[in-house]
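If you read the sequences in order, they're chains A and B.
According to the numbering used here, the first sequence is numbered sequentially starting from 15.
According to the numbering used here, the second sequence is numbered sequentially starting from 2.
Structure, as structure tokens:
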Amino acid sequence: MTPLKRTFLLVAAVVLVVAACDEHVEIENKATIPIRAMVDHDTLLVEPNGYRATIASLGSVTVAVVVDADWVAEVTKARNAMVAKLGDPGEITPTEIKDLVRQIKALQEQLDQLAKARGASCSGTVVQDGGMTVEVTGGANGNLTAVCTVHASKSN
Amino acid sequence: MSGPYPPQYSPPTGYPPQQYPPGYQGPPQSGNPWGAPPPVKPKRGCFGCLLRGCLVLVVLVIAMSVGGYFAIQNGLITPNMVLNLIGIGPATVQIDNFRDDKVTVDVLQTGSDVIDVGAQPSETPEPFETTKEIGALDITSLDVPEAGRYRLTITAAGKAVATCTMPVKSGDRIQIVLLPKPSLITRNDDTPSTGSELVLGQSSLCR
């Protein structure tokens with residue numbers, strides 16, 4: 015085996031080990047209304063008494079939840095603003111293009127702010143061979159509570 | 002030839018110069034007319050030097066490993082950051098489905114920029130392929146594992162919404178916003194020069 019091939023195999027092994035560093039985050043909606051859960055940059059719609067799972071990277075993971083109706087209102091507002099600006103794409107001015115790109119960039123921040131203002135969140139440190147469960151309760155008056163429970167590594 | 006041999010030496014006139022700059026005290030007054038001898042430095046062995054260097058290196062490697070482990074555990078450094086630093090990290094494609102219906106996204110790798118030095122000519126690496134369903138008004142991120150060309154096919158209820166074959170570099174962050182009509186694409190938050198460049202399917206990112 016040539017030194018170059020050996021180096022490549024070593025890098026590939028490291029990549030495989032590192033790539034395997036993802037664990038499940040499960041969201042249980044025990045609230046009486048549909049919720050949207052934000053895990054990293056993914057969102058999940060979870061119906062009442064429903065359950066969804068997603069993959070998260072190892073380390074600190076924050077899950078934010080909002081009432082689905084609030085989420086839909088915020089996203090629809092952002093969408094309508096973009097569609098109104100777009101019109102005929104061939105005709106839009108450089109200023110309008112800048113505005114659109116800024117809007118796309120700002121969207122994630124807007125949704126994070128929505129979660130802070132009207133949602134709930136919790137965090138936990140996900141370890142290898144572990145995971146995290148998020149239990150969401152409330153909903154009668156629109157107030158949600160999220161509790162994160164971290165699962166220890168199965169090898170421990 | 003004339004005169005005695007060897008010739009009588011006579012110093013050149015005017016040498017050494019008899020006039021010194023003001024304040025010059027003459028040569029140092031010691032037993033040695035050429036000044037004091039330089040201090041003798043104790044000899045150091047090369048082995049000790051190497052040993053100390055190795056110890057420092059070992060301590061540094063241990064400290065970096067421990068620090069790196071805790072940084073990764075706490076999310077300060079992600080494995081993808083490390084891989085992107087050496088140019089073999091994944092790229093992220095974020096898809097914001099702002100349509101009122103569910104869409105299906107197929108991602109197929111049609112070419113790779115990574116040179117597999119260990120591969121035999123007969124071996125063809127398996128191309129990356131994934132399919133994901135994204136609900137109405139949902140946001141999803143997909144990691145594409147390596148630099149290369151990828152074809153994205155987006156359909157809704159079996160009908161084509163958009164297709165884009167794009168070159169992807171390690172660490173790229175591509176954002177696709179699916180709207181009722183038309184859909185948008187940006188790479189690394191770059192601002193395009195024309196409106197058509199923003200449109201999925203018309204943008205030069207899709208060629």
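For glycine and all other residues, C-beta sits at the position ideal for the given N, C-alpha and C.
Here the structure is a predicted model, which means the values were calculated and not measured.
Buried or exposed, going by whether 16 or more other CB atoms sit within 10 Å of the CB of residue i?
{"i": "Y151(B)", "result": "buried"}
{"i": "G90(B)", "result": "buried"}
{"i": "E147(B)", "result": "buried"}
{"i": "S204(B)", "result": "buried"}
{"i": "Q124(A)", "result": "exposed"}
{"i": "L138(B)", "result": "buried"}
{"i": "R93(A)", "result": "buried"}
{"i": "N81(B)", "result": "buried"}
{"i": "A160(A)", "result": "buried"}
{"i": "C162(A)", "result": "buried"}
{"i": "T57(A)", "result": "buried"}
{"i": "M65(B)", "result": "exposed"}
{"i": "S171(B)", "result": "buried"}
{"i": "S40(B)", "result": "Reading the sequence as shown, one finds Pro at residue 40(B) and not Ser. Flag for P40(B) reads exposed."}
{"i": "D190(B)", "result": "exposed"}
{"i": "D143(A)", "result": "exposed"}
{"i": "A95(A)", "result": "exposed"}
{"i": "G73(A)", "result": "buried"}
{"i": "D173(B)", "result": "buried"}
Can you name, in chain order, every residue of its own chain whose Cβ lies under 8 Å from the Cβ of residue i, other than the five neighbours on each side?
{"i": "V25(A)", "result": "Here V25(A) scores only 49 on pLDDT, less than 50, and its place in the model should not be relied on; the value that follows carries that caveat. So the list is empty, once near-sequence residues are dropped."}
{"i": "P79(B)", "result": "Position check: residue 79(B) holds Thr in this sequence, whereas Pro was assumed. Result list for T79(B): I73, in chain order."}
{"i": "L158(A)", "result": "A45, I49, V79, V80, V81, G133, A134, V150, T151 and G152"}
{"i": "K99(A)", "result": "I106, E110, D113, L114 and Q117"}
{"i": "I87(B)", "result": "none"}
Considering only residues of the same chain and omitting the five flanking positions on each side of residue i, which have a CB-CB separation below 7 Å?
{"i": "T76(A)", "result": "S135 and S137"}
{"i": "L59(A)", "result": "P48, R50 and D82"}
{"i": "D84(A)", "result": "L128 and R132"}
{"i": "L23(A)", "result": "With a pLDDT of 48 at L23(A), under the threshold of 50, the modelled position of that residue is not reliable, and the figure given next carries that caveat. Result list for L23(A): empty, nothing under 7 Å."}
{"i": "R53(B)", "result": "none"}
{"i": "L121(A)", "result": "A92"}
CB-CB under 6 Å to residue i, same chain, minus the five flanking residues each way: which ones, in chain order?
{"i": "E88(A)", "result": "L128"}
{"i": "L153(B)", "result": "V108 and C165"}
{"i": "Q110(B)", "result": "P128, F129, G149 and Y151"}
{"i": "E61(A)", "result": "P48"}
{"i": "I41(A)", "result": "A51, V60, R66 and V148"}
{"i": "I155(B)", "result": "V104, V106, V162 and A163"}
{"i": "G145(A)", "result": "E37, H38 and H165"}
{"i": "G156(A)", "result": "V81"}
{"i": "I175(B)", "result": "V94 and R188"}
At what residues does the beta strand (DSSP E) containing residue i begin and finish?
{"i": "L206(B)", "result": "Looking at the DSSP string, L206(B) is not in any beta strand (DSSP E), and its letter there is neither H nor E."}
{"i": "K133(B)", "result": "E130 to I135"}
{"i": "Y151(B)", "result": "G149 to A157"}
{"i": "D139(B)", "result": "D139 to V145"}
{"i": "V161(A)", "result": "L158 to H165"}
{"i": "E149(A)", "result": "G145 to G152"}
{"i": "P126(B)", "result": "That residue, P126(B), is in no beta strand (DSSP E); it is neither H nor E in DSSP."}
{"i": "K160(B)", "result": "K160 to V169"}
{"i": "S98(B)", "result": "The amino acid occupying residue 98(B) in the given sequence is Asn; Ser does not appear at that position. Where N98(B) is concerned, the enclosing beta strand (DSSP E) stretches over A92 to N98."}
{"i": "Q176(B)", "result": "R174 to L179"}
{"i": "V200(B)", "result": "V200(B) -> no beta strand (DSSP E), and no H or E assigned at all."}
{"i": "I49(A)", "result": "I49 to V53"}
{"i": "D107(B)", "result": "V104 to S113"}
{"i": "D56(A)", "result": "D56 to V60"}
{"i": "A70(A)", "result": "Y65 to S71"}
Please look up how many angstroms separate the CB atoms of residue i and residue j, rounded, as I've assumed it's under 8 Å.
{"i": "T105(B)", "j": "E134(B)", "result": "5 Å"}
{"i": "I118(A)", "j": "L185(B)", "result": "7 Å"}
{"i": "L201(B)", "j": "A163(B)", "result": "5 Å"}
{"i": "T187(B)", "j": "V115(A)", "result": "6 Å"}
{"i": "D126(A)", "j": "S142(B)", "result": "Contact flag wrong, Cβ pair sits at about 15 Å."}
With respect to the alpha helix (DSSP H) encompassing residue i, which residues constitute its N-terminal and C-terminal limits?
{"i": "D82(A)", "result": "D82 to L100"}
{"i": "P108(A)", "result": "P108 to R132"}
With a threshold of 7 Å (Cβ to nearest heavy atom), would residue i be considered close to the ligand GDP?
{"i": "N43(A)", "result": "Judged by which ligands are present, the structure shown has none, so any question about the ligand GDP falls away."}
Quick check: the region 34-50 of chain A against the region 70-85 of chain A, are there 3 or more CB pairs under 8 Å? yes
Is there contact here, the region 104-112 of chain A with the region 182-196 of chain B, by at least three beta-carbon pairs under 8 Å? yes
Is the region 84-104 of chain B in contact with the region 174-186 of chain B, if contact means three or more CB pairs nearer than 8 Å? yes
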